[in-house]
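Going by the working numbering, the sequence shown opens with residue 261, and the numbers climb by one from there.
We put the CB at the ideal spot given by N, CA and C, even for glycine.
In this text, all values refer to a predicted model and were calculated from it rather than measured experimentally.
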Amino acid sequence: MVRLRAVGSWSTTLFIAAALSFGLARAQAPSVASNLTGQGIALQLGESLQSLQTAIGALDPSQLHVPTGEKQALTDGQASLMRNLTQAMPGLLQAFRAAPENLGAAFRLYQDADAVLAVAQRSAAVLPAKDDDDDGGVALRSATDELRQSLDQLGSWIEVHGSADYAAHHPSASTHLAVPRPSPAPPPATLVIQDANTTAKPVKKLPAKKKQPPVIPHR
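Right, dumping it as C-alpha cells:
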C-alpha cells in the first residue's frame, strides 16, 4: 500500500495539503465531524473494517457462476483484503487511537483504508446483483457502504482539525485574512455614466475634417 512520509518540521503542513488534494470529506459536512472525537471515529472505523473482514471471509469464489477471469480476480482480491485487514490495518488503527491529534497517523489510516475499500468495491462489482445473499454479495456491498461512510467521517475530521492546527501554527494567516480591504479611491469630480436602459440623445453629425498629415513636433 502507498505510504506518505512526513518530512521534518513540515510534516503537519504536508499532511494537510495532501489530505486536501485527495479531496477528503466527500459526503460529511465539517460541522458533523467537528462534533466527533478521534476515539469515536476510530471506533466506528474499526467496526466497519471488521464488518468488511467478515463479509470478505464468507466469500467462496469457487462456487460463483462468473467467468474464469473474474473468479480469479475475486480470489486475488479476497486474499489481498484479508492480508491487509488482518496485518496492516490493525496497526494503523491503533496508532490513530493512541494519538488522534497526530494528523500523520490519521492520514495514513485514511489513505490505506481507502485503498482497501477500492479493492473491496471492485470485488463487490464482480458479484451478481441479487436480492438474496447466497453468494455473499449483499453483505459485501453493505460492508463497503458502511466503510465508505466511516472514511468520509475520518476525512472530514482530518480536514477540520488540520485547518485548526494550521491556523494555530500560522497565526499570521488568520490575521491577514482579518485585515479589512483598503477603501477605494474617491471618484473623479466629473463622472458621466450612460444608462444602458435610457435612449441615447441624438448626436449632431459634424462635417468630416480633411485628414492631415502627421506633424512632427520641433524641439
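By the Cβ rule, the region 322 to 337 does not count as touching the region 354 to 364, because fewer than three pairs are nearer than 8 angstroms. If you draw a 10 Å sphere on the C-beta of T404, you find 16 or more other C-beta atoms in it, and that means buried.
One thing to note: V386 has its Cβ within 7 angstroms of the Cβ of E330.
The DSSP-derived three-state label of V398 is helix.
By the beta-carbon neighbour count (other beta carbons within 10 angstroms, threshold 16), D372 is buried.
Look at E361 here: in three-state DSSP terms it is coil, with no helix or strand label. Short of 6 angstroms from the beta carbon of G298, and not among the five residues preceding or following it, lie these beta carbons of its own chain, in chain order: P360. Looking only at R343, L363, T346, R408, the smallest Cα-Cα distance to A378 is reached by R408. Remark: C-beta atoms of A389 and A315 do not approach each other more closely than 7 angstroms. Put simply, the backbone Cα of L341 is about 25 angstroms away from that of L363. Bounds of the alpha helix (DSSP H) holding T314 are 298 to 317. Residue environment: Q338 is assigned as buried (16 or more neighbouring CB atoms within 10 Å of its CB, all protein chains considered).
No residue range can be given for T346, since it is assigned to no alpha helix (DSSP H) and is classified by DSSP as neither H nor E.
In terms of Cα proximity to Y370, the closest of G300, T346, S402, W417 is W417.
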